[in-house]
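Written out below as structure tokens is the structure these notes cover.
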Amino acid sequence: MAQITFPKGFVWGTASSAYQIEGAWNEDGKGVSIWDTFAHTPGKIVNDETGDGSIDHYHRCKEDAALMAELGLKHYRFSTAWTRILPAGAGPVNPKGIAFYDRLLDTLLKHKIEPYLCLFHWDLPQALQDKGGWPKRETAYAFADYARVVTKHFGDRLNVIFTHNEPWVAAFVGHFLAMHAPGTRDLGAALRAAHHILLSHGLAAEAIRAEAKKPLKIGITLNLNPVYPATESKKDAEAADRVDAIMNRIQLDPLLKGTTPIEEFKIIKALVGGLVQPGDLEKIRTLDLLGVNYYSRAVMKHSAKVPVVNVEQVHPEGNEYSGMWEIFPEGLHALLTRIQKDYFLPSPPAPLPKTGEGRQAPELMITENGIPVPDGLDADGRVRDERRIRYLKNHIYQVYRAIQDGVPVKGYFHWSFMDNFEWALGYGQRFGLVYVDFQTQKRTVKDSGRWFAEVIRANGFEI
Ligand code: IFM
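No gaps in the numbering here: position 57 of the sequence shown is 57 in our numbering, and each next residue is one more.
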């Protein structure tokens with residue numbers, strides 16, 4: 001056994017999102033989002049579950065923040081529901097929505113928990129979807145105005161604003177794979193959405209900096225998967241490169257290099273020619289804080305059967321899987337060292353646009369990592385989730401290794417604080433450090449929650 005200790009000031013936190021925890025889907029003037037619509041459509045969610053009431057954080061935010069404080073949490077990432085603040089996506093502000101986030105922020109600050117606010121975690125206002133949603137460029141401008149409103153009301157109590165959580169998922173899982181809202185199967189729409197979401201990041205960054213009365217760091221959190229070829233064949237290596245381009249580089253290149261890989265694909269170019277307008281890439285390339293959400297890797301092989309991309313995912317046998325993905329801790333180290341090598345170390349190809357603090361490379365944090373486990377209460381009322389503790393040890397150790405190898409990782413946020421609504425999979429996948437009885441809403445800290453509290457206290461753990 002050896003003790004590993006993280007650098008002084010390392011940021012330990014947990015993450016959540018509005019639709020997954022708030023409930024109160026139609027209370028106090030909140031507008032309808034695409035996730036309300038999607039979840040209300042029969043057949044879209046396992047057991048037709050919805051986030052309508054979810055875990056009722058809207059009414060219990062004070063108790064939930066107190067529980068975070070009890071565990072010694074000092075940082076909390078959450079998202080605001082666009083439709084609580086601007087029910088129609090644009091236009092009149094909803095005072096009760098503002099009051100809710102005032103309440104949440106003030107309570108967090110009272111407990112000395114630093115809020116990391118994220119503007120968008122997939123719950124686009126239905127009113128904007130009705131006008132075309134993310135595939136339409138106008139939505140990016142509406143988002144910038146929403147960012148301005150949030151900064152105006154809450155900027156005084158924030159040091160960081162994340163614009164988006166996992167733009168790739170919103171674009172591709174929502175518009176191409178049809179597994180998330182709005183549920184379309186249209187590659188062109190997905191590519192347009194992907195570009196406009198990134199454009200909205202740049203526009204929002206401008207709006208936030210113009211509105212803020214003090215310097216705020218602008219962040220974005222990306223779901224990134226290291227991609228491995230299934231075999232050593234040249235074809236599989238090329239297949240892995242294609243997937244890396246369309247899953248990882250499509251987000252990282254515009255944000256960190258001011259380029260985009262979509263021009264590399266003839267088919268994509270034909271589908272969305274003219275999408276990236278002059279000046280867009282300069283606008284997008286502005287970032288103070290890069291958040292990495294890591295859950296698994298992708299193993300890919302060449303496949304002529306699959307149109308357009310000619311790739312197929314392989315699930316290696318004999319490895320450990322959760323209810324959702326292969327468990328592959330080493331991938332986190334590979335991902336972090338790759339970001340450092342490909343994006344942070346090379347000298348920038350073009351003059352750097354201004355970031356909030358004029359840095360060359362943004363700060364880097366893990367903004368999500370966690371495992372769904374079918375937890376339950378034992379007879380004595382305890383939740384013994386040893387599997388999650390093992391998962392966390394193995395993954396956080398890879399963050400430690402990356403730091404030892406020179407990658408300046410500044411923080412780690414666990415997904416999630418409490419069990420919650422896991423999108424199309426409903427309530428069956430529990431990711432929390434805190435167990436939630438979905439009938440009574442009773443919260444019980446799991447063994448992993450106590451373990452994580454101790455990690456925060458000691459700024460490390462025994463491995
Ligand atoms: O629950 C999600 C979260 O909303 C975004 N990142 C992945 C998590 C687990 O699937």
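Every residue, glycine too, gets a C-beta built ideally from N, C-alpha and C.
Going by DSSP, name the residue or residues bridged to residue 289.
-> As a first step, residue 289 must be located in the sequence shown, where it is residue number 289. Partner(s): 219 and 363.
Through-space distance from residue 195 to residue 276, alpha-carbon basis:
To locate residue 276, count along the sequence shown from 1; it is residue 276. To locate residue 195, count along the sequence shown from 1; it is residue 195. Between residue 276 and residue 195, the C-alpha separation is close to 7 angstroms.
Margin query: Relative to the C-alpha of residue 89, which candidate in 451, 63 and 124 has its C-alpha closest?
Written below: Sequence index remark: in the sequence shown, residue 89 carries index 89 (1-based). Taking only the C-alpha atoms, the option nearest residue 89 is 124.
Residue 509 (DSSP reduced to helix, strand or coil):
An answer regarding residue 509 cannot be provided, because it is not within the stretch 1 to 463 covered by the chain.
DSSP three-state call for residue 175: helix, strand or coil? Sequence index remark: in the sequence shown, residue 175 carries index 175 (1-based). If DSSP states are grouped into helix, strand and coil, residue 175 belongs with the helices.
Exercise for review: Drop a sphere of 10 angstroms on the beta-carbon of residue 251, count the other beta-carbons inside from all chains shown, and report buried for 16 or more, exposed for fewer.
Suggested key: Locating residue 251 in the sequence shown gives position 251, where the first residue counts as 1. Label assigned to residue 251: buried.
Is any heavy atom of the ligand IFM found at a distance shorter than 7 angstroms from the C-beta of residue 344?
-> What you label residue 344 is simply residue 344 of the sequence shown in a count that begins at 1. Incorrect: residue 344 has no Cβ contact closer than 7 angstroms to the ligand IFM.
Exercise. If you draw a straight line from the alpha carbon of residue 267 to that of residue 190, how long is it in whole angstroms?
Worked result: Along the sequence shown, one-based indexing puts residue 267 at 267. Along the sequence shown, one-based indexing puts residue 190 at 190. Each residue's Cα considered, the two are about 14 angstroms apart.
Any idea if residue 269 is buried or exposed, counting beta-carbon neighbours within 10 angstroms, 16 or more meaning buried? One-based indexing of the sequence shown puts residue 269 at position 269. Residue 269 is exposed by the Cβ-count criterion.
- Does the ligand IFM have even one heavy atom less than 7 angstroms from the beta-carbon of residue 154? For the purposes of this step, residue 154 is taken as residue 154 along the sequence shown, with counting starting at 1. Result no, Cβ not under 7 angstroms from the ligand IFM.
- Is the beta carbon of residue 33 sitting closer than 8 angstroms to the one on residue 83? As a working mapping, residue 33 is identified with position 33 in the sequence shown. As a working mapping, residue 83 is identified with position 83 in the sequence shown. Result yes, Cβ atoms of residue 33 and residue 83 sit closer than 8 angstroms.
C-alpha distance - residue 140 paired with residue 380, whole-angstrom precision: Numbered from its first residue, the sequence shown carries residue 140 at position 140. Numbered from its first residue, the sequence shown carries residue 380 at position 380. Distance between the alpha carbons of residue 140 and residue 380 is about 51 angstroms.
| Taking the C-alpha atoms as reference points, what is the distance between residue 56 and residue 111? | Residue 56 sits at position 56 when you count from the first residue of the sequence shown. Residue 111 sits at position 111 when you count from the first residue of the sequence shown. Rounded to the nearest angstrom, the two C-alpha atoms are 20 angstroms apart.
(message) Can you tell me where the beta strand (DSSP E) holding residue 78 begins and where it ends?
(response) Along the sequence shown, one-based indexing puts residue 78 at 78. Note, residue 78: beta strand (DSSP E), 75-79.
The alpha helix (DSSP H) that contains residue 195, what's its start and end? Reading the sequence shown from its first residue, position 195 is the one you call residue 195. From DSSP, the alpha helix (DSSP H) with residue 195 extends over 187-211.
Could you pull the start and end residues of the beta strand (DSSP E) that residue 401 belongs to? In the sequence shown, the residue the question calls residue 401 occupies position 401. Run containing residue 401: none in the beta strand (DSSP E); it sits in the alpha helix (DSSP H), 386-404.
Rounded separation between residue 391 and residue 158 - CA only
On the sequence shown, residue 391 is found 391 positions in, with the first residue counted as 1. On the sequence shown, residue 158 is found 158 positions in, with the first residue counted as 1. Computed Cα separation, rounded: 31 angstroms.
Return helix, strand or coil for residue 158, following the three-state DSSP convention.
Position 158 of the sequence shown, counted from the first residue, corresponds to residue 158. Three-state result, residue 158: coil.
**Study point:** Selected residue, minimal CA-CA separation from residue 151, among 85, 122 and 129
**Key:** As a first step, residue 151 is located in the sequence shown; it is residue number 151 there, counting from the start. If we check each option's Cα against that of residue 151, 85 comes out closest.
* Asked: According to DSSP, is residue 443 helix, strand or coil?
  -> Taking the first residue of the sequence shown as position 1, residue 443 is located at position 443. Looking at residue 443 - three-state DSSP - the assignment turns out to be strand.
Is residue 344 helix, strand or coil when you go by DSSP?
Indexing the sequence shown from 1 puts residue 344 at position 344. If DSSP states are grouped into helix, strand and coil, residue 344 belongs with the helices.
message: Would residue 101 and residue 14 qualify as a contact pair, given that the criterion is a beta-carbon distance under 8 angstroms?
response: Numbered from its first residue, the sequence shown carries residue 101 at position 101. Numbered from its first residue, the sequence shown carries residue 14 at position 14. Not a contact, by the Cβ cut-off of 8 angstroms.
* Asked: How many Å lie between residue 231 and residue 322 at the Cα?
  -> Within the sequence shown, numbered from 1, the residue matching residue 231 stands at position 231. Within the sequence shown, numbered from 1, the residue matching residue 322 stands at position 322. Roughly 24 angstroms separates the two Cα atoms.
Based on DSSP bridge pairs, tell me the residues matched to residue 301. For the purposes of this step, residue 301 is taken as residue 301 along the sequence shown, with counting starting at 1. Residue 301 pairs with 312.
field: Cβ contact (3+ pairs, closer than 8 angstroms) linking the stretch 24-31 and the stretch 404-418
entry: no
### Query
Residues bridged to residue 181 by DSSP?
If you number the sequence shown from 1, residue 181 lands on position 181. Per DSSP, none; premise fails for residue 181.
So does residue 369 have its beta carbon nearer than 7 angstroms to some heavy atom of the ligand IFM? In the sequence shown, counting from the first residue as 1, residue 369 sits at position 369. No; taking the cut-off as 7 angstroms, the Cβ of residue 369 has no heavy atom of the ligand IFM nearer than that.
I need the boundaries of the beta strand (DSSP E) containing residue 5, first residue and last residue. Against the sequence shown, residue 5 aligns to sequence position 5. From DSSP, the beta strand (DSSP E) with residue 5 extends over 3-5.
- [ ] May I ask you to verify whether the stretch 161-172 touches the stretch 201-210, counting CB pairs closer than 8 angstroms and requiring at least 3?
- [x] yes
| query | What is the rounded straight-line gap between the Cα of residue 91 and the Cα of residue 184? | reply | Taking the sequence shown and counting its residues from 1, the one referred to as residue 91 is at position 91. Taking the sequence shown and counting its residues from 1, the one referred to as residue 184 is at position 184. Straight-line Cα distance between these residues: approximately 27 angstroms.
Cross-strand partners of residue 118 (DSSP beta bridge): Reading the sequence shown from its first residue, position 118 is the one you call residue 118. According to DSSP, residue 118 bridges with 79 and 162.
Quick check: is any heavy atom of the ligand IFM less than 7 angstroms from the C-beta of residue 417?
By one-based count along the sequence shown, residue 417 stands at place 417. Because no heavy atom of the ligand IFM lies under 7 angstroms away, the Cβ of residue 417 does not count as near it: no.
I need the straight-line Cα distance from residue 286 to residue 255, nearest angstrom please. For the purposes of this step, residue 286 is taken as residue 286 along the sequence shown, with counting starting at 1. For the purposes of this step, residue 255 is taken as residue 255 along the sequence shown, with counting starting at 1. The alpha-carbon atoms of residue 286 and residue 255 are separated by roughly 7 angstroms.
> Looking at residue 383 and residue 337, is the spacing between their C-beta atoms short of 8 angstroms?
Replying inline: Reading the sequence shown from its first residue, position 337 is the one you call residue 337. Reading the sequence shown from its first residue, position 383 is the one you call residue 383. Not a contact, by the Cβ cut-off of 8 angstroms.
Cβ-based neighbour list, residue 328, same chain, cut-off 8 angstroms, excluding 5 preceding and 5 following: Within the sequence shown, the letter at position 328 stands for residue 328. Answer for residue 328: 296, 297 and 319, listed in chain order.
Residue 455 in three-state terms, based on DSSP
On the sequence shown, position 455 is the one that residue 455 refers to. It is helical.
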